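For the sequence shown, this note's numbering begins at 1 and goes up steadily by one. First up is the structure itself, then whatever we jot down about it.
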Amino acid sequence: MTDCKRLSNALGRVVVKRRIALGLDREGLAKRLGESIKYVQAVEEGRQYLFLTDIHLMAEALDVPIVDLMREAESEAGSD
Numbered sequence: 001m002t003d004c005k006r007l008s009n010a011l012g013r014v015v016v017k018r019r020i021a022l023g024l025d026r027e028g029l030a031k032r033l034g035e036s037i038k039y040v041q042a043v044e045e046g047r048q049y050l051f052l053t054d055i056h057l058m059a060e061a062l063d064v065p066i067v068d069l070m071r072e073a074e075s076e077a078g079s080d
């Protein structure tokens, strides 16, 4: 698995954890992002690569600083 794919998968797992911790379902997060449920699903499953602006919007929607979101994803990727 490439480093990019590993990080994308890890970011997806972090998004799921953060979303659930906020009490949101996929629809709720999609509404916060102004995106579709399929987009959120693809992110959570690591099938959607994100640009920096997308990661920033995701962090805002999850009420977490972007640096914390990425740090958590990097840590999660390292455990793969």
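No residue lacks a Cβ here, since even glycine has one placed at the ideal position from N, Cα and C. What you are looking at is a predicted structure, and each value in this text was computed from that prediction instead of being measured.
N- and C-terminal bounds of the alpha helix (DSSP H) containing residue i
i, result
"Val64", "Premise fails: Val64 is in no alpha helix (DSSP H) and is neither H nor E."
"Ser8", "3 to 21"
"Leu33", "26 to 33"
"Tyr39", "37 to 44"
Sub-7 Å separation of residue i and residue j beta-carbons
i, j, result
"Ala59", "Arg6", "no"
"Arg26", "Val40", "yes"
"Ile36", "Ala30", "Sequence check: residue 36 is Ser here, not Ile. Yes. Within cutoff."
CB-CB length for residue i against residue j, believed under 8 Å
i, j, result
"Asp63", "Leu24", "Asp63 to Leu24, Cβ: 10 Å. No contact."
"Tyr49", "Ser8", "6 Å"
Residue nearest to residue i in terms of C-alpha spacing, selected from the options
i, options, result
"Cys4", "Pro65, Asp54, Arg47, Ile66", "Arg47"
"Leu57", "Ile20, Ser79, Ala10, Leu33", "Leu33"
"Ala10", "Gly28, Pro65, Ile20, Glu44", "Glu44"
Using 8 Å as the threshold, is the stretch 12 to 22 in touch with the stretch 67 to 78, meaning 3 or more CB pairs across them? By the criterion of at least three beta-carbon pairs nearer than 8 Å, the stretch 12 to 22 is in contact with the stretch 67 to 78.
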